[in-house]
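J.: Start counting the sequence shown at 485; every next residue gets the next number (the numbering used here).
From the three backbone atoms N, C-alpha and C, an ideal C-beta is built for every residue, glycine too.
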Amino acid sequence: MNLRQHINSDRMDYFPFPSKGYFLDWLLRTEQYWLRKYVKSLRSEEYYTFHKPNKWMKYYYQGRKNRLGRKLGFFIAAGCFDSGLKIYHYGSIIVNPKSRIGKDCTIHGNCCIGSKGTLPDDSPVIGDHVDIGQNAQILGGITIADGVKIGAGAIVTKSILEPNVTVVGIPARVIGE
485 MNLRQHINSD RMDYFPFPSK GYFLDWLLRT EQYWLRKYVK SLRSEEYYTF
535 HKPNKWMKYY YQGRKNRLGR KLGFFIAAGC FDSGLKIYHY GSIIVNPKSR
585 IGKDCTIHGN CCIGSKGTLP DDSPVIGDHV DIGQNAQILG GITIADGVKI
635 GAGAIVTKSI LEPNVTVVGI PARVIGE
């Protein structure tokens with residue numbers, strides 16, 4: 485997938501009807517505008533890092549992404565997410581650089597996807613179409629299947645291998661499909 489396809493895939497999540505709302509969001513500098521701008525900078529950094537190596541463009545977009553990340557409260561390394569990333573709210577979103585997250589992932593604010601702190605390479609692998617709720621924590625070298633919905637405030641420390649289930653609680657447990 486090239487840069488334009490990645491950006492268009494992500495943009496359709498934020499603006500399904502481009503002519504309606506984009507100009508107004510740009511003019512008013514709404515939350516949606518800043519979130520889309522961050523994701524676009526992330527995708528541009530990934531493109532110039534992995535697909536068409538150009539160190540000056542990589543550094544430009546990395547700096548732009550990091551400035552926006554400090555403003556929005558995000559730390560997401562290049563190459564963690566596949567296409568279709570959707571972020572709903574500002575807030576602390578921290579993703580371990582070694583984590584791998586599949587297509588069409590949805591993240592609400594204040595989430596942590598990372599290691600438990602014991603082994604640096606202990607990072608989650610998350611499938612496609614996963615919805616991560618507000619204040620959810622995904623910790624350790626675990627695997628989460630496709631289509632899983634993680635409830636608000638859940639702390640996931642064990643693998644969830646069943647697809648299309650909902651998990652909630654501390655520690656997270658399956659409550660249904």
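1) Take leucine 603 as the anchor and find which of His613, Leu623 and Val652 has the nearest alpha-carbon.
2) Among Asp605, Gln618 and Arg513, whose alpha-carbon lies nearest the alpha-carbon of isoleucine 626?
3) Please classify leucine 645 as buried or exposed, where buried requires at least 16 neighbouring CB atoms within 10 angstroms.
4) Under 8 angstroms between the Cβ atoms of alanine 562 and glutamate 515?
5) Expressed to the nearest angstrom, what Euclidean distance is found between the alpha-carbon atoms of alanine 572 and arginine 657?
6) Going by DSSP, what residues sit across from isoleucine 634 in a beta bridge?
7) Buried or exposed for serine 607, going by 16 or more other Cβ atoms inside 10 Å?
8) Sorted by chain position, which residues of the same chain lie with C-beta nearer than 8 angstroms to histidine 613's C-beta, five sequence neighbours on each side aside?
9) In whole angstroms, give me the CA-to-CA distance for alanine 636 and alanine 620.
10) Does the beta-carbon distance from isoleucine 577 to phenylalanine 558 come in below 8 angstroms?
T.: The answer reads as follows:
1) What you label residue 603 is simply residue 119 of the sequence shown in a count that begins at 1. Selected option, being the one with the closest Cα: Leu623.
2) Position 142 of the sequence shown, counted from the start, is the residue given in the question as residue 626. Comparing Cα positions, the closest option is Asp605.
3) Residue numbering aside, residue 645 sits at position 161 when the sequence shown is read from its first letter. The residue is exposed, with fewer than 16 neighbouring Cβ atoms inside 10 Å.
4) For this step, residue 562 is matched to residue 78 along the sequence shown. For this step, residue 515 is matched to residue 31 along the sequence shown. No, they are not a contact pair.
5) On the sequence shown, position 88 is the one that residue 572 refers to. On the sequence shown, position 173 is the one that residue 657 refers to. According to the sequence shown, residue 572 is tyrosine rather than alanine. Each residue's Cα considered, the two are about 24 angstroms apart.
6) Within the sequence shown, the letter at position 150 stands for residue 634. In DSSP, isoleucine 634 forms a bridge with Ile616 and Val651.
7) Here residue 607 refers to the residue found at position 123 of the sequence shown. By the 16-neighbour rule on beta-carbons within 10 angstroms, serine 607 is buried.
8) Mapped onto the sequence shown, residue 613 falls at position 129. Counting only Cβ-Cβ distances below 8 angstroms, and skipping sequence neighbours, we find Gly586, Lys587, Asp588, Cys589, Asp630 and Gly631.
9) Start at 1 with the first residue of the sequence shown, and residue 636 comes out as number 152. Start at 1 with the first residue of the sequence shown, and residue 620 comes out as number 136. Whole-angstrom Cα-Cα distance: 6 angstroms.
10) Counting from one through the sequence shown, the residue named residue 577 turns up at place 93. Counting from one through the sequence shown, the residue named residue 558 turns up at place 74. Contact check for isoleucine 577 against phenylalanine 558 passes: the beta carbons are separated by less than 8 angstroms.
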